[in-house]
Amino acid sequence: MNNRMDNPEEIRLQFIRPDTTTEAELPMATSGVSAGFPSPVDDHLEPSLDLNRALIRNPGATFFARVAGDSMQDDGIADGDLLVVDKSAEPFDGCVAVCFLDGEFTLKRVRIAPDRIVLVPANKRYKPIEVGRDRNFAVWGVVTYSIKKI
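Sequential numbering from 5 applies to the sequence shown in our numbering.
Following this line, the structure appears as structure tokens:
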């Protein structure tokens, strides 16, 4: 069965290896940022935050992937978002993962049961994909962060 016939969505992922040889240390406010009522200004900053160290646990197995498509939009992952994908992370029931299915990459929530695996989109326009034994399937990497441009 062809995945495009089962689930006619257009999702493409562009994979990018992170450059962890540089440091991107930025100052970080100690008190956080209030999303409700304004809080008093905090003149003290925490030590710098290096985004490489904060987002990447295993540099040799981590990739960035740019999302192209809308099948995960109801989980807050939209077209153009940047994902941090860890190939060394163990897939678990309910994780969001980049999966390799029948020669194509797809981004889905993985539902793992003793007798089956189902790839679940987060957009009602698309149907879940049951992964049968006849399919060429692998979880390529687990999504650990989604970075949005707003």
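Backbone N, C-alpha and C fix where the C-beta goes; we use that ideal spot for every residue, glycine too.
Looking only at C-alpha atoms, which of ALA93, ARG70, GLU134, LEU87 sits nearest to ASP119? Stepping through the sequence shown from its first residue, residue 119 is reached at position 115. For ASP119, the nearest C-alpha among the options comes from GLU134.
So the alpha helix (DSSP H) ALA58 belongs to, where does it begin and stop? For the purposes of this step, residue 58 is taken as the residue at position 54 of the sequence shown. ALA58 -> alpha helix (DSSP H) spans 55–59.
For GLY145, which option in PHE96, ALA82, ALA58 has the closest C-alpha, if you only look at C-alpha atoms? Taking the sequence shown and counting its residues from 1, one reaches residue 145 at position 141. Nearest C-alpha to GLY145: PHE96.
In chain order, what residues of the same chain lie with their CB nearer than 6 Å to the CB of VAL126, ignoring the 5 residues before and after it? Against the sequence shown, residue 126 aligns to sequence position 122. Reading off the sequence shown, one finds Ala at residue 126, where the question assumed Val. Once the five neighbours on either side are set aside, the close Cβ partners of ALA126 are MET76, ASP78, ASP79.
Which term fits THR66, buried or exposed, when burial requires 16 or more other beta carbons within 10 angstroms of its beta carbon? For the purposes of this step, residue 66 is taken as residue 62 along the sequence shown, with counting starting at 1. THR66 comes out buried.
Measuring alpha carbon to alpha carbon, tell me which of ILE81, ARG70, VAL88 ends up nearest LEU3. Examination of residue 3 is not possible in this model, given that the chain is present from 5 through 154 alone.
Cβ neighbour criterion (16 or more within 10 Å) applied to LEU53: To locate residue 53, count along the sequence shown from 1; it is residue 49. That one is exposed.
So what does DSSP say about ASP90, is it helix, strand or coil? For this step, residue 90 is matched to residue 86 along the sequence shown. In this structure, ASP90 counts as strand in the three-state DSSP scheme.
Three-state secondary structure (DSSP) at GLY136? Numbered from its first residue, the sequence shown carries residue 136 at position 132. Correct three-state label for GLY136: coil.
Could you pull the DSSP bridge partners for ILE116 from this structure? Position 112 of the sequence shown, counted from the start, is the residue given in the question as residue 116. In DSSP, ILE116 forms a bridge with ILE121.
How big is the Cα-Cα spacing for LYS91 and ASN62? By one-based count along the sequence shown, residue 91 stands at place 87. By one-based count along the sequence shown, residue 62 stands at place 58. Between LYS91 and ASN62, the C-alpha separation is close to 9 Å.
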